[in-house]
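Engineer:
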Amino acid sequence: MNTSGANVVGILGGTFDPVHRGHVALAEAALAGLPLSEVLWLPSGSPGHRAPPVASARDRLAMLRLATEGNARYRIDAGELESSEPTYTVHTLTRLRAQLGNAQPLVLLLGSDSFLSLPGWLRWRELFDLAHIAVASRPGAIPGDGGPSPELSAEIARRSARGEQLAASAAGRVARFDMPPVDISASAVRSGLAAGRDLGDLLPAAVLAYIRTQQLYLKETPKN
């Protein structure tokens with residue numbers, strides 16, 4: 024939904040290990056419910072808050088390209104994939120802000136669980152200076168519904184906005200967008216693949232074909 028004519032960039036980061044239908048559903052819901060011109064997919068190299076990815080950077084990028092090809096409103100920024108340094112969201116947004124300029128509206132797209140964990144992120148309050156945050160939630164819910172910490176509740180109270188308002192400034196607001204429940208995690212996908220289960224309903228067909236061809240995720244791996 025972009026009726027404003029503004030160039031508003033949604034940012035969807037993750038290890039995408041592998042990219043699955045839940046990731047795609049979140050991106051599609053954001054495009055439908057927010058004034059975004061595009062979704063910028065940002066595969067991370069070595070995330071600072073979780074175990075290293077199982078698949079190689081090359082394979083994760085290949086799968087992400089397969090999952091997003093054919094959609095003109097999807098773009099991939101692979102700038103951090105080969106980094107050996109831990110990747111934190113505040114560093115990613117600082118880099119993007121420097122590249123795109125101070126006037127560019129940026130919207131960090133998060134699931135509700137990730138949003139609730141925000142106070143545990145590195146320099147988390149600085150994120151609001153660098154981007155808006157849009158939270159995927161069930162229809163009828165509000166950002167943070169289900170138990171935000173007092174400090175996060177305070178940020179929600181002073182930053183809450185409607186989705187269409189995100190085009191009016193570069194950063195600093197919190198909005199929500201509706202997303203039907205999708206119960207998929209990358210760790211569960213990897214476990215299912217290791218067990219030989221048919222996961223055609225969880226993975227884009229081209230991604231599943233790539234995984235089978237490259238023989239990825241054949242062993243049980245830790246959750247991350």
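First residue of the sequence shown? That's 24 in my numbering, and the numbers climb one at a time after it.
The beta carbon of each residue, even a glycine, is placed where N, CA and C say it ideally should be.
#1: In the stretch 38 to 123, which residue ranges form an unbroken beta strand (DSSP E) of at least 3 residues, counting only runs that do not cross its ends?
#2: Here's a check: name, in chain order, each residue in its chain whose Cβ is nearer than 6 Å to the Cβ of residue 205, leaving out the five neighbours to either side.
#3: Give the secondary structure of residue 36 by DSSP, where H, G and I count as helix, E and B as strand, and everything else as coil.
#4: Going by other Cβ atoms of all chains shown within 10 Å of its Cβ, with 16 needed for buried, is residue 143 buried or exposed?
#5: Which value, in whole angstroms, describes the spacing of the CA atoms of residue 98 and residue 176?
#6: For the beta strand (DSSP E) holding residue 129, just list the boundary residues, first then last.
#7: Taking residue 171 as the reference, which of 141, 194, 152, 82 has the closest Cα?
#8: Could you give the C-beta distance for residue 37 and residue 66, rounded to a whole number, given that I count them as a contact under 8 Å?
#9: So who's on the other strand from residue 197, going by DSSP bridges?
#10: In terms of residues, what are the limits of the alpha helix (DSSP H) holding residue 214?
#11: Ends of the alpha helix (DSSP H) at residue 237?
#12: What's the gap between the Cα of residue 230 and the Cα of residue 173?
#13: Return the chain-ordered list of same chain residues with a C-beta closer than 8 Å to the C-beta of residue 189, the five sequence neighbours on each side being excluded.
#14: Is it right to say residue 236 is buried, meaning 16 or more other beta carbons lie within 10 angstroms of its own, or is it exposed?
#15: Using 8 Å for Cβ pairs, my map puts residue 216 next to residue 240. What's the rounded Cβ distance?
#16: In three-state DSSP terms, what is residue 177?
#17: Between residue 106 and residue 69, is the Cβ-Cβ spacing less than 8 Å?
#18: Using the three-state DSSP reduction, which class does residue 144 fall into: helix, strand or coil?
#19: Identify which residue in 182, 94, 118 has its Cα closest to the Cα of residue 148.
#20: Please confirm whether any heavy atom of the ligand ATP lies closer than 7 Å to the CB of residue 200.
#21: To the nearest angstrom, how far is it from the Cα of residue 224 to the Cα of residue 184?
Structural biologist: Quick answer:
#1: Qualifying beta strand (DSSP E) stretches, in chain order: 61 to 66, 97 to 99.
#2: Along the sequence shown, one-based indexing puts residue 205 at 182. So the list reads 45, 48, once near-sequence residues are dropped.
#3: In the sequence shown, residue 36 corresponds to position 13, counting from 1. Here residue 36 carries a strand assignment [DSSP, helix/strand/coil].
#4: Position 120 of the sequence shown, counted from the start, is the residue given in the question as residue 143. That one is exposed.
#5: On the sequence shown, residue 98 is found 75 positions in, with the first residue counted as 1. On the sequence shown, residue 176 is found 153 positions in, with the first residue counted as 1. Roughly 32 Å separates the two Cα atoms.
#6: Taking the sequence shown and counting its residues from 1, the one referred to as residue 129 is at position 106. 129 to 134 is the span of the beta strand (DSSP E), which, as asked, contains residue 129.
#7: The residue you call residue 171 lines up with position 148 of the sequence shown. Considering only alpha carbons, the answer is 141.
#8: For the purposes of this step, residue 37 is taken as the residue at position 14 of the sequence shown. For the purposes of this step, residue 66 is taken as the residue at position 43 of the sequence shown. Confirmed, about 7 Å.
#9: In the sequence shown, counting from the first residue as 1, residue 197 sits at position 174. Answer is 156, 183, bridged to residue 197.
#10: Within the sequence shown, the letter at position 191 stands for residue 214. 209 to 217 is the extent of the alpha helix (DSSP H) around residue 214.
#11: In the sequence shown, residue 237 corresponds to position 214, counting from 1. Looking at the DSSP string, the run of the alpha helix (DSSP H) that includes residue 237 is 228 to 237.
#12: Counting from 1 along the sequence shown, the entry for residue 230 is found at position 207. Counting from 1 along the sequence shown, the entry for residue 173 is found at position 150. Each residue's alpha carbon lies about 40 Å from the other.
#13: Here residue 189 is taken as the residue at index 166 of the sequence shown, counted from 1. Cβ contact annotation for residue 189 (same chain, cutoff 8 Å, sequence separation greater than five): 31, 57, 58, 128, 130, 155, 157, 196, 198, in chain order.
#14: Here residue 236 is taken as the residue at index 213 of the sequence shown, counted from 1. Looking at its Cβ environment, which holds fewer than 16 other Cβ atoms inside 10 Å, residue 236 is exposed.
#15: As a first step, residue 216 must be located in the sequence shown, where it is residue number 193. As a first step, residue 240 must be located in the sequence shown, where it is residue number 217. About 4 Å separates the two Cβ atoms, so the contact holds.
#16: Taking the sequence shown and counting its residues from 1, the one referred to as residue 177 is at position 154. Under the three-state reduction of DSSP, residue 177 is assigned to helix.
#17: Numbered from 1 along the sequence shown, position 83 holds the residue referred to as residue 106. Numbered from 1 along the sequence shown, position 46 holds the residue referred to as residue 69. The criterion of a C-beta distance shorter than 8 Å is satisfied by residue 106 and residue 69.
#18: Here residue 144 is taken as the residue at index 121 of the sequence shown, counted from 1. It is coil, neither helix nor strand.
#19: Looking up residue 148 in the sequence shown gives position 125. Nearest of 182, 94, 118 to residue 148, Cα basis: 182.
#20: The ligand content of the structure shown is nil, which means the ligand ATP is not present either.
#21: Residue mapping note: residue 224 aligns to position 201 of the sequence shown, counting from 1. Residue mapping note: residue 184 aligns to position 161 of the sequence shown, counting from 1. The straight-line gap from Cα to Cα measures roughly 34 Å.
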